[in-house]
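Residue numbers (the working numbering): 393 to 531.
Ideal Cβ positions, reconstructed from N, Cα and C, are used throughout, including at glycine.
Here's the structure, in structure tokens; my notes come after.
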Amino acid sequence: IYQFGIRSGDKAEFQFAADWHVAMRRFDFEWLDVTLEALKGAFKRGHFVWIMGADSLANLHRWHHWTDIMESVPVAVLARPGYSIRALQSPAATRYASCRVPQHLAASLPLRRPPAFCFVTMPLRNESSTAIRNRRKRS
Numbered sequence: 393i394y395q396f397g398i399r400s401g402d403k404a405e406f407q408f409a410a411d412w413h414v415a416m417r418r419f420d421f422e423w424l425d426v427t428l429e430a431l432k433g434a435f436k437r438g439h440f441v442w443i444m445g446a447d448s449l450a451n452l453h454r455w456h457h458w459t460d461i462m463e464s465v466p467v468a469v470l471a472r473p474g475y476s477i478r479a480l481q482s483p484a485a486t487r488y489a490s491c492r493v494p495q496h497l498a499a500s501l502p503l504r505r506p507p508a509f510c511f512v513t514m515p516l517r518n519e520s521s522t523a524i525r526n527r528r529k530r531s
């Protein structure tokens, strides 16, 4: 599970950016908006997309500088059990409704100018991304 992705011709950039926890250790910033700006500065050729679950979008308006996040990088929102309606009616989704990208154009997110977000429906899993990462570490 990737917390954010990067599209670039440089394989090293992709490998680094694919693991949020590596990025947090590398840059050692407490806030996501600051980390995203540092990553964009460090990987100028990269095209970032923040990937979050619908449960996070439903509460994004409570995050530190949440509008800075939405306005600095395109966002892919993955459906989560019990959160789709709340997420799509959230203050963040409402504020950026005109910036919503249709799901069939989700692959274009890395090249879109923010703000841009796409709600991606998919088979739902009750398991959290943390639980999935922990299971992958054990195998």
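Cutting at 8 Å between CB atoms, please list the residues of its own chain near Lys436, excluding the five before and the five after it.
Apart from the 5 residues on each side of it in sequence, Lys436 has no Cβ closer than 8 Å to any other Cβ in its chain.
Taking just the CA atoms, how far does Ser490 sit from Leu452?
Near 17 Å, if we compare the C-alpha coordinates of Ser490 and Leu452.
contact_flag[the stretch 517-529, the stretch 476-493] where n(CB pairs < 8 Å) is 3 or more
Contact annotation: the stretch 517-529 does not touch the stretch 476-493, with fewer than three C-beta pairs closer than 8 Å.
Best match in Ile443, Leu424, Glu429, Ala430 for proximity to Pro502 [C-alpha to C-alpha]
That would be Ile443, whose Cα lies nearest to the Cα of Pro502.
Note down the Cα distance separating Pro494 from Lys529, rounded to an integer number of angstroms.
Roughly 34 Å between the two C-alpha positions.
Would you kindly work out how many angstroms separate the C-alpha atoms of Ala468 and Ser531, rounded to a whole number?
Straight-line Cα distance between these residues: approximately 27 Å.
Buried or exposed for Ser448, going by 16 or more other Cβ atoms inside 10 Å?
Counting of Cβ neighbours within 10 angstroms places Ser448 among the buried residues, the total reaching 16 or more.
Does the Cβ of Met514 have 16 or more other Cβ atoms within 10 Å, making it buried, or fewer, making it exposed?
By the neighbour-count rule (16 or more Cβ atoms within 10 Å), Met514 is not buried but exposed.
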